[in-house]
Structures are given as C-alpha cells and as structure tokens.
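What follows is a single structure, written as structure tokens, with notes after it.
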Amino acid sequence: MAGETPHDKKLFNKYFRVEVKGVYGKVPGVVSIDPGRVTVTTEETTQGDQPEYRTYTYGSHEYDDLTCTLQTGPGMVKLQQWADKAMKVGGSGNALRRDVSIYALARDKTTVLKTINCFGCYPISLNAGDHSTGSDVKSITLTCNVARIEVA
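If you count the sequence shown from 1, position 124 lands on 224 in the working numbering, and the numbers rise without skipping.
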C-alpha cells in the first residue's frame, strides 16, 4: 500500500542447506547465511507535466554481498581454494564465478520451502573468526559479490 515502509523479514528459519554449484552440492558446516538486500530504483517515463498521468519504469538494481559463516574443518579445502583464487584475480573471469543456492527447509530438514538463487558470485573476502582462549579458529566468514538474485 502507498505510504508504507518495507519491513525486514526473515526469509527462513534455522533449517537450511547451501549449495555452491561446481564446488559443493551441500556446503558443510554452514552456521548462518545472509543473501543481503536488493535495492531497485524506478525512473519517471512520463512526457509533459501532468502529475496525475505520470508513469514509472524499472531503472536499476543493486545487490548486497552474500555473507556465509561456516565452521572450520577439513571439508573447507575446496571453498578456501575457490576463495583464494577469486580474490587473487579480483573476481575477473567467468571461470571463478559460481551460482549459490540457499534452500529454506521445513522442520523435517528435507522439504524445501523457498529457494534463493544468487548468480555470478565470487569471493571478495574470507576471514577467520570466533577465536577462543586457545589459538584454534572455530569459524570463517565468506563474503561474495553477487551479480543477480532470484527467489523461487
């Protein structure tokens, strides 16, 4: 409705699965994932100066970065290799771009409720986090640039 402001809504609960096409069918150890926001602009296309007859069309869009927090472990080797290669070349080249699918699951952990597809992703940072009192790192955060998002 006119005049309403959009509210942030959680897209899914704590049950989800993440796939990086060409790297993982199911990414191991995913703790959280945030596909970010999509910003869409409109442009006025009306000729003349009659406010009641103004029309608008799609102008442009912009996507936030995709952020994924994962538990460290031996299953992260392919993800770290992909991130290292992509960050060295700054995401140039289609060979390093991957599509990431996020599947929101029902409580049975198999029924897919919603799918968020992030296309043309490439890593822009990979940071270690969750330092405990020891020197072991318990999680890593992967941030990817996103070319396009579709929700199904």
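A virtual CB, placed ideally from N, CA and C, is assigned to each residue, including glycine.
- Residue 159 is a Cβ neighbour of residue 143, given a cutoff of 8 angstroms.
- Note: residue 204 is bridge-paired with 116, 214 in the DSSP secondary-structure output.
- Inter-residue distance for residue 155 and residue 141 is about 14 angstroms (C-alpha atoms, whole angstroms).
- In this structure, residue 167 sits away from residue 239, with a CB-CB distance that is not shorter than 8 angstroms.
- For the pair residue 165 and residue 251, the CB atoms are not nearer than the 8 angstroms cut-off.
- In this chain, the beta strand (DSSP E) harbouring residue 170 covers 166-171.
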